[in-house]
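Those letters in the sequence shown? Residues 13 to 119, by this note's numbering.
Beta carbons: idealized from backbone N, C-alpha and C, even for Gly.
Structure, as structure tokens:
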Amino acid sequence: NFNDMWSSYVTLFCILVVNNWQVLTQGFVAIAGVNARLFFIAFYSVGTLICVNLAVAFIIDTFTVEQEKTKEKASKRTAMRHASSIRRRNPNAAVQNDEEAIALNRA
């Protein structure tokens, strides 16, 4: 109900996360009139379809960036191991430092 601020927050939060938001809307329409339906449809459209999906997109994007960083670190470690194995096998190899080995590994 919208008798006070906290109960209205709870009601709006339930509308955002619960699938049966139309049941709450019908109850408020019976008491407050047709304008309540317009309010709840607008709130559901903006709140759920835009804001919640935007938050999920940010979370997925952050996860993807962290996963790419992890793959890059693993690739560098592999290149370093490759460079050290080249140096052990042939101390006179053309690879003089780790950066050259990483470049050779990427090529």
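**Study point:** Gly45, DSSP secondary structure in three states
**Key:** Coil.
Check your understanding: Is the region 51-60 in contact with the region 79-93, if contact means three or more CB pairs nearer than 8 angstroms?
Key -> Touching, no, given that fewer than three Cβ pairs across the two stretches are closer than 8 angstroms.
Point to revise | Ala145, buried or exposed, once every other Cβ within 10 Å from all chains shown has been counted against 16 | key: This structure cannot speak to residue 145, because the chain is shown only from 13 to 119.
Check your understanding: Alpha carbon to alpha carbon, how far is Ala95 from Val68?
Key -> Take the alpha-carbon of Ala95 and the one of Val68: they are about 41 angstroms apart.
Review point. Looking only at C-alpha atoms, which of Phe75, Ile53, Leu28, Phe25 sits nearest to Gln38?
Key: Considering only alpha carbons, the answer is Ile53.
Check your understanding: By how many angstroms is the C-alpha of Val46 removed from the C-alpha of Ala14?
Key -> Sequence inspection shows Phe at residue 14; the Ala mentioned does not correspond to that position. The alpha-carbon atoms of Phe14 and Val46 are separated by roughly 16 angstroms.
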